[in-house]
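Input: a single structure, listed below in structure tokens.
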Amino acid sequence: MLNEVDKMKPFQEKKRKEINPFNEIISMLNANHVEYQTIEHEPVYTSAQAESITGLALSQGAKALLLKTDADFVLVVLPGDRHIDFGKLKQALLAKKVRFAGEKEVKEIMHCGLGACYPIGSFLNLRTLADPSLIEHETIAFNPGVNDKSIILKSKDYVKVASPEIARISK
């Protein structure tokens with residue numbers, strides 16, 4: 087059985103490459119020929135603050151949260167106006183324990199600070215679950231790993247680039 091240090095190794099190896107989440111996301115969007123808009127703004131730290139910047143409804147903001155399960159880390163993405171339903175999440179992950187990642191874990195794995203997690207974990211080899219209520223909207227917005235920028239794109243393009251597992255995990 088892997089201990090906590092062994093579980094962090096894949097993410098630590100990525101860190102040595104000095105990943106810049108914003109640049110990685112932009113590269114992925116461009117490589118997939120996705121139309122998107124980048125908005126530069128004053129730093130925001132909550133979905134509600136981001137809503138006022140993007141002009142989209144709170145439900146169109148992709149709130150990304152890094153969580154730790156019994157076995158591994160997972161990225162959970164849901165609309166800004168919803169909350170995690172831990173019962174549904176545990177069931178979807180087949181996990182007994184799920185907790186929020188700490189500040190150090192977020193920095194180590196996602197290369198960003200708390201409040202700056204982004205909804206694309208594929209370039210980190212990070213399992214990503216998205217609630218279907220987010221992608222019911224034609225357009226969504228998200229934080230690209232920094233608090234002073236937002237990206238707006240079509241939800242179908244988000245799914246194309248991020249390849250999340252779709253699971254009802256919010257309430």
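In the working numbering, the protein residues as written are 87 to 257.
C-beta: ideal position from N, C-alpha, C; glycine also.
{"Item": "Go ahead and pull the three-state DSSP assignment for Gly147.", "Value": "strand"}
{"Item": "Please state whether DSSP places Pro250 in a helix, a strand or coil.", "Value": "coil"}
{"Item": "Would you report the Cα separation of Lys154 and Gln146, rounded to the nearest angstrom?", "Value": "25 Å"}
{"Item": "In this structure, does DSSP put Pro129 in helix, strand or coil?", "Value": "coil"}
{"Item": "When the Cα of Leu81 is compared with those of His223, Gly201 and Glu251, which residue comes out closest?", "Value": "The structure shown does not extend to residue 81, since the chain is modelled only from 87 to 257, so the question has no answer here."}
{"Item": "Would you kindly check if the distance between the Cβ of Ala248 and the Cβ of Ser208 is under 8 Å?", "Value": "yes"}
{"Item": "Take Thr124 and list the residues in its own chain whose beta-carbon comes closer than 7 Å to its own, dropping the five residues that flank it on each side.", "Value": "Lys235 and Ile237"}
{"Item": "Got a sec: does the ligand FMN put a non-hydrogen atom nearer than 7 Å to the Cβ of Lys183?", "Value": "This structure lacks the ligand FMN, and indeed carries no ligand of any kind."}
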